[in-house]
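A.B. asks: Sharing a structure with you now.
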Ligand code: HAM
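In our numbering, the protein residues as written are 27 to 466.
What follows is the structure, encoded as structure tokens:
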């Protein structure tokens, strides 16, 4: 039987040109986070299922997780997200001083129907601040998110960061007579509002709440797009969740984060959020799915016993972000250019191979990226290969060169060839401005 050439549906398989795009995106994200003092961490890919049963939510575990029994009989999942692992890491590291500013690029797994922006294996960027309970922490992570978009060249107005608050939503729902279990169900209904037709949603909300009047009020709340909305002001006045939203708005304005705006329809699907919640989306309609989602989770670390620790952060899908960048033409034409070899060492025949090898190694020791011929092809084919790989210089080791211990060095940009003492080739190449790919 022949083996299939396809990976399993929805699994991540990136060829070098696709990986170059991802590396470019990841590099810009990392730069933005480093600008705010974040440190990188990682966690296990396989976790006990209980970790996610506790607070991530029913849908994520029972419908979307890769759940199996390992050889030791433990029920484990391929991590569908990173936040519970992060919470556990901090719960067991009391020596880490807070506030903690941590970031990670985990590969996660969810058994979803693969479609635009949704895969079963996907890479996320996670950024979280823990040990800081105030609105400044919320602002900090939203600022990094905005900086990431700016670093990637996203124009003003192409994306928006909608924010709201679980605390506010719960408070308002109580005031309009939707409390307790019904309150939880109502949050779930709000989370679906953007995914359904208006009529369909109304029928759904009525069924969930068992009462058309309360469904109308729920729809009214979810339609609020400004903290100055008169109905909202009247209904939410004096609620702590409302005051913290007003404070967050004040800080966002002071920081000049114009992409952020209040949106009561954002409640987020994960159960652990307790306060501010937010999502980043494309305003142009080219990408329906959220590019990033996050929020405040003040009770997650405390689940592990030990000290309680407030947290706020977000997960940004690299795939969803890439689609956004493609939509707006923001991926550079040759994202892999900076990591190409500087030099191709061409070898005339096997007689020159040993010398060529020593030249190549010595160039690498000087910090240059060097690809050397290993196939014994004709020189013309080697020059073509050098052109394809983007090397800026070709160093030829032919019989004359080896006998005289001088290499022929061709500058591929100018076409000029120079004979250079073998010991000085690196110096010669490095003296040419922009000779190293990553210095461009
Ligand atoms: P989430 O909303 O489940 O949040 O995921 C965050 C982002 O991950 C989504 O907005 C999307 O870009 C990406 N994503 C999710 N599922 C998929 C998928 N199947 N394929 C491709 N991309 C996907 C969380 O995961 C939270 N743990 C985020 C967080 C961190 N909250 C606080 N800290």
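From the three backbone atoms N, C-alpha and C, an ideal C-beta is built for every residue, glycine too.
(1) Give me the residue from 315, 92, 215 and 348 with the minimum Cα distance to residue 293.
(2) Alpha carbon to alpha carbon, how far is residue 450 from residue 466? Give it in angstroms, no decimals.
(3) Which class does residue 73 belong to by DSSP, given the choice of helix, strand or coil?
(4) What residue does the beta strand (DSSP E) around residue 186 start on, and which one ends it?
(5) Three or more C-beta pairs under 8 Å: does that hold for the segment 415-434 against the segment 365-377?
(6) Report the rounded CA-to-CA distance for residue 456 versus residue 366, giving the unit in angstroms.
(7) Which ranges would you report for the alpha helix (DSSP H) in the segment 393-440 if only whole runs of at least 4 residues count?
(8) Using beta-carbon positions only, say whether residue 278 and residue 286 come within less than 8 Å of one another.
(9) Could you spell out the range, first to last residue, of the alpha helix (DSSP H) harbouring residue 272?
(10) Using the C-alpha atoms, what's the distance from residue 315 back to residue 398?
(11) Regarding residue 317 and the ligand HAM, is the C-beta to nearest heavy atom distance less than 7 Å?
(12) Could you tell me the distance, in whole angstroms, from the CA atom of residue 469 to the CA atom of residue 80?
(13) Could you check what DSSP says for residue 114 in three-state terms: helix, strand or coil?
(14) Using the three-state DSSP reduction, which class does residue 372 fall into: helix, strand or coil?
(15) In the DSSP assignment, find the beta strand (DSSP E) that holds residue 36 and state where it starts and stops.
(16) Assuming contact is defined by CB atoms lying nearer than 8 Å, are residue 158 and residue 336 in contact in what I supplied?
(17) With burial defined as no fewer than 16 other Cβ atoms inside 10 Å of the residue's Cβ, what is the status of residue 110: buried or exposed?
(18) Note down, in chain order, each residue of its chain lying with its Cβ closer than 7 Å to the Cβ of residue 479, except the 5 sequence neighbours on either side.
(19) Starting from the N-terminal side, write out each stretch of the beta strand (DSSP E) that is 3 residues or longer and does not extend beyond the segment 121-165.
(20) Mind pulling the alpha helix (DSSP H) runs of 4 or more residues that sit fully within the segment 43-101?
(21) Does DSSP classify residue 28 as helix, strand or coil?
(22) For the ligand HAM, is there any heavy atom lying closer than 7 Å to the beta carbon of residue 304?
(23) Looking only at C-alpha atoms, which of 45, 430 and 445 sits nearest to residue 436?
(24) Which of the three DSSP states, helix, strand or coil, is assigned to residue 308?
(25) Under DSSP, the beta strand (DSSP E) around residue 288 begins and ends at which residues?
(26) Here's the rule I'm using: 16 or more other beta-carbon atoms within 10 Å means buried, otherwise exposed. How should residue 429 be labelled?
(27) Grab the span of the alpha helix (DSSP H) containing residue 445 for me, first residue to last.
(28) Run the proximity test for residue 323: is its beta-carbon closer than 7 Å to any non-hydrogen atom belonging to the ligand HAM?
(29) What separation, rounded to the nearest whole angstrom, lies between the Cα atoms of residue 319 and residue 99?
(30) Grab the span of the alpha helix (DSSP H) containing residue 350 for me, first residue to last.
(31) Please work out which residues of its chain come closer than 8 Å, Cβ to Cβ, to residue 348, disregarding the five sequence neighbours upstream and downstream, and give them in chain order.
(32) Judging by CA-CA distance, which residue of 340, 105, 199 and 342 is the nearest neighbour of residue 212?
(33) Just to confirm, are residue 112 and residue 164 a CB contact at a threshold of 8 Å?
(34) Answer yes or no: the CB of residue 341 versus the heavy atoms of the ligand HAM, is any distance below 7 Å?
(35) Based on Cα-Cα distance, which residue from 226, 207 and 129 lies nearest to residue 67?
(36) According to DSSP, what are the bridge partners of residue 330?
C.D. replies: From the atom records:
(1) 215
(2) Caution is warranted here: a pLDDT of 45 is assigned to residue 466, below 50, making its placement in the model unreliable, and no coordinate value can be reported.
(3) strand
(4) 185-191
(5) yes
(6) 16 Å
(7) 405-415 and 425-430
(8) yes
(9) 266-280
(10) 45 Å
(11) yes
(12) Any property of residue 469 remains undetermined from this structure, which presents the chain solely from 27 to 466.
(13) helix
(14) strand
(15) Element bounds for residue 36: n/a, residue is neither H nor E.
(16) yes
(17) buried
(18) As shown, the chain starts at 27 and ends at 466. That puts residue 479 outside it, with no answer to give.
(19) 126-130, 133-135 and 147-156
(20) 76-79
(21) coil
(22) no
(23) 445
(24) strand
(25) 286-288
(26) exposed
(27) Where residue 445 is concerned, there is no enclosing alpha helix (DSSP H), although the beta strand (DSSP E) it sits in stretches over 443-447.
(28) yes
(29) 34 Å
(30) 344-353
(31) 47, 48, 51 and 357
(32) 199
(33) no
(34) yes
(35) 129
(36) DSSP, once it has assigned bridges, lists no residue as partnering residue 330.
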